[in-house]
Amino acid sequence: MKNHYEVGHFKYRLMMVLLSLFALIVTAGQSFAATTCSTCHGMPPLDSADGTRNPATGAFKGSHQTHVSPAGAVAECNKCHNSSGHTNSHAATDGYNISLASNIYSSPSTAKYSKGTSFPTSPTPILGTCRNVSCHFESPTPTWGKAPAAAPATDCNMCHATPRGNSGSHLKHEAMVVAGVAYNGINACSQCHPYYGFGSYSTTASESKFSHATSVGRHKIVTKSFLTYSGGSLTSVLPSQPNNYGSCRATQCHDTGRDNPRTAVWSTTKASCTACHALEPATFSHTKHLTGLTGSFKQNAVCGDCHKGYVKGSALSATPADHIDGNVDVYFATPGDLGYPVNKAKGTAVGSCSTSNCHSSGASVFKSATWGGISTGCDFCHPIANLSAGHIAHVGSFPAALKFYSYTANKSSGTSYTFGCGSCHPNSVSSHLDGIIEVDLVPAVAGGSLKAKNLSGATINGSKKCNNIYCHSNGYSANFKCITTLAWTDKFINYTAASKGSKDKCAWCHGNSPNSNATRIGSPAHTAHVVGIHFDDIFNGVSKKLPISGPASVNAAHGKDSRSTTINCNICHAATMTTSANDKNTNCVGCHVGSYAKNPVSLISDTSKHVNGTVDVAFAAQKISTKAQVVNSSFAAYTANSSGWTRRSNAMSFKTYTSSYDTTKNTLASAASPYTPAAGCLNIACHASISVKWTDTVSCSSCHTRLK
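Take any residue in the sequence shown, count from 1 to its spot, add 20: that is its number in the working numbering.
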């Protein structure tokens, strides 16, 4: 019995030892296995494809794979779960429950999981969602275990607003178009951020979609390297937090157009233009075009005149792809229409506008203008060589000297006429560069003295002929007449031959004295003065009159200037013209042919004294000779005084010889008093020093006072 007990007791002890050893082995085995996370759920935890527990892999329903990095780390677990350290004892410590932090990822708005901070595991779990978590920009998350995001067009909205422009400057950027690509949807994001939507978060081709959001707590701002975004606070992206954004300095987007980057603070409100460059840039010729034209032109230029559609204060261009495309696009309607290089890369040398109507003569003749160059004077756009038709005859080389519009002065001198453009064109700068060639001759319009003297009906007709303008008139105070001009494209040189219907350009306005027709526009007084003193009514000393004209060998009233001065315009208008020849009047042309003197090409010696708004009377600095002698017995009484005459050659002979003539003792210029319309001619030897006015009616006794 005893032996039996002892044997039985031994067996019991042996069994306990074996059981203890087994328990020790098992316990040791369990302790060793629990030292790794993969023993229960893998690290990082695997997500079950069908949502059921897979004992072979440890996968279970969840979204751990899109939250934990491929390497996995305990610290990543702590961002969502409690901060126990998650050692091999966390399961027992948590009572084999699933525990979460009371504020997930220490979010500013206290982020919680919808099922609480601790709940038991279950083979058929009902999973929840997170709210206010920073990682999801405080937006409600999808249910844990939901299929990963895959469609950028819709799934971006799980974290970001739609449109994404609800924060910072997103709206401003999404409204833009760059290089033909619209800033909308994922295209907008990819302009500044890596292209998350299609697996190109990095340069690694195998990068998964939405990789920027697949690391728990990864709410950093990642931009492309060229943007150099810096500063600000990461919490600025959270709706609940103050906006403390950083700034971006990028040559590709925010620069002046000359590769000079501008710093743009995210969310700062600025005028759409000033974020990159001044509203009115001061570089090169911008200031001249934007603010410096109104003194001479209808208006200043606006951005859209040269950069299609980008006008200050207006909407973007109809072709906004041209903006921020890396090029300086200069055109008015279609690329190249201003002659500026198409798609000129920014930062390269400036170009020139070679076909801009703004820099043209107004007649489709363009002036090439280099951006930043200096252009002064009217001749920059209106050079002499480009002026049409009658301009040369009217303005000479004047445009080179002009500095402003509406110039009406008369700068004629020498043999060149130089009238200010305002004499024929509008005087208001509102008409300059308005796209219309305008001729305004109305005297009521502000202008110089010449324009003010035009008749009220002054105009230019469809044949380009001017009517009722002072410049083309006889210039008289009495019997004032304006003459219809030749066509603007015509000129007198075209009518020099008789077969062309010869036209005398002097007679065209003044008539050609002595007038052969009483209806001509000359005056009786002019007819009475020209040719010579009493040339057509001189007694020959015997019984008849002297021949009116003849060669030097003939004792004629007119023909040899030294004994019978030819009186023409040059005698009384000596400052205006110096020639006495006349080969145009029918009364003169019979003799003034062959070797006789003719009208020179330029009759006017000083144009400043012609067509200047006044009647310039300047007596010639020469003595006057005449065959109209008084009898010898009367000569001393009439002309012997100091301002009178000297009888020449055969002194006591009376008219009968070619050598019989009288000459004034002094030149007209030295003896006569200055002419005024009110006083008339004073101390003129031709009138025996008797005062006479141009409009007086005279008779023989007016000068020969002894006949009274």
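All C-beta atoms, glycine included, are put in the ideal place defined by N, C-alpha and C.
Buried or exposed by the 16-neighbour rule on C-beta atoms within 10 Å, applied to residue i
| i | result |
| --- | --- |
| Arg-726 | exposed |
| Asn-363 | exposed |
| Thr-141 | exposed |
| Ala-459 | The question names Ala, but residue 459 in the sequence shown is Val. Exposed. |
| Val-574 | exposed |
| Asn-499 | exposed |
| Leu-358 | buried |
| Pro-64 | buried |
| Thr-224 | Only weak support exists for where Thr-224 lies, its pLDDT of 45 falling under 50; the value from the coordinates is given anyway. Classification of Thr-224: exposed, given that the 10 Å Cβ count is below 16. |
| Ser-127 | buried |
| Ser-533 | buried |
| Tyr-116 | exposed |
| Asn-264 | exposed |
| Ile-344 | buried |
| Ile-45 | At Ile-45 the pLDDT is 43, less than 50, meaning the model places this residue with poor confidence and gives no usable figure here. |
| Leu-191 | exposed |
| Gly-531 | buried |
Within 8 Å, strictly: CB atoms of residue i and residue j
| i | j | result |
| --- | --- | --- |
| Ser-645 | Thr-585 | yes |
| Ala-353 | Lys-328 | yes |
| Cys-293 | Arg-282 | no |
| Lys-604 | Ala-527 | yes |
| Lys-485 | Leu-470 | no |
| Ile-568 | Ala-577 | yes |
| Thr-149 | Thr-161 | yes |
| Trp-665 | Ala-705 | yes |
| Ser-287 | Ser-154 | no |
| Ala-708 | Cys-723 | yes |
| Thr-599 | Leu-623 | yes |
| Leu-258 | Glu-158 | yes |
| Val-350 | Cys-326 | yes |
Close-in-space but distant-in-sequence residues of the same chain around residue i (CB under 8 Å, 5 per side omitted)
| i | result |
| --- | --- |
| Leu-66 | Asn-74, Thr-77, Gly-78, Ala-79, Phe-80, His-84, Gln-85 |
| Ala-594 | Ala-638, Phe-639, Ala-640, Ala-641, Ala-689 |
| Pro-90 | Pro-64 |
| Cys-529 | His-492, Ser-493, Asn-494, Gly-495, Ile-503, Ile-541 |
DSSP three-state assignment for residue i, whether helix, strand or coil
| i | result |
| --- | --- |
| Trp-665 | strand |
| Pro-140 | strand |
| Val-551 | strand |
| Ile-587 | strand |
| Cys-273 | coil |
| Lys-364 | strand |
| Ile-480 | strand |
| Asp-460 | coil |
| Asn-430 | strand |
| Thr-684 | strand |
| Ile-124 | helix |
| Asp-716 | coil |
| Thr-163 | coil |
| Thr-659 | helix |
| Lys-501 | coil |
| Tyr-351 | strand |
| Phe-386 | strand |
| Tyr-133 | strand |
7 Å CB neighbourhood of residue i in its chain, flanking five on each side removed
| i | result |
| --- | --- |
| Phe-52 | Note that Phe-52 has pLDDT 45, beneath the 50 cutoff, so the model's placement of it is unreliable and no number is given. |
| Phe-304 | Val-370, Trp-391, Gly-392 |
| Cys-401 | His-379, Ser-380, Ser-381, Lys-387 |
| Cys-608 | Asn-602 |
| His-452 | Ser-316, Phe-317, Lys-318, Tyr-425 |
| Val-385 | Asn-406 |
| Val-550 | Ser-533, Pro-534, Ile-587, Asn-588 |
| Cys-212 | Thr-243, Lys-244, Leu-247 |
Integer Cβ distance of residue i from residue j, believed to fall under 8 Å
| i | j | result |
| --- | --- | --- |
| Phe-639 | Leu-688 | 4 Å |
| Leu-461 | Ile-503 | That pair is no contact at about 14 Å. |
| Ser-663 | Asn-686 | 7 Å |
| Ser-432 | Phe-439 | 7 Å |
| Asn-152 | Thr-130 | 6 Å |
| Ser-476 | Pro-463 | 7 Å |
| Gly-251 | Val-348 | That belief does not hold up - the Cβ atoms of Gly-251 and Val-348 are roughly 30 Å apart, past 8 Å. |
| Cys-398 | Cys-441 | 7 Å |
| Tyr-133 | Ile-146 | Not really, about 13 Å apart at Cβ, beyond 8 Å. |
Neighbourhood of residue i by C-beta, 6 Å cutoff - its chain only, sequence neighbours within 5 removed
| i | result |
| --- | --- |
| Thr-676 | Gly-561 |
| Ala-648 | Ile-553, His-554, Ile-558 |
| Tyr-681 | Arg-583, Ser-645, Lys-647, Arg-668 |
| Gly-356 | Val-362 |
| Trp-714 | Ala-545 |
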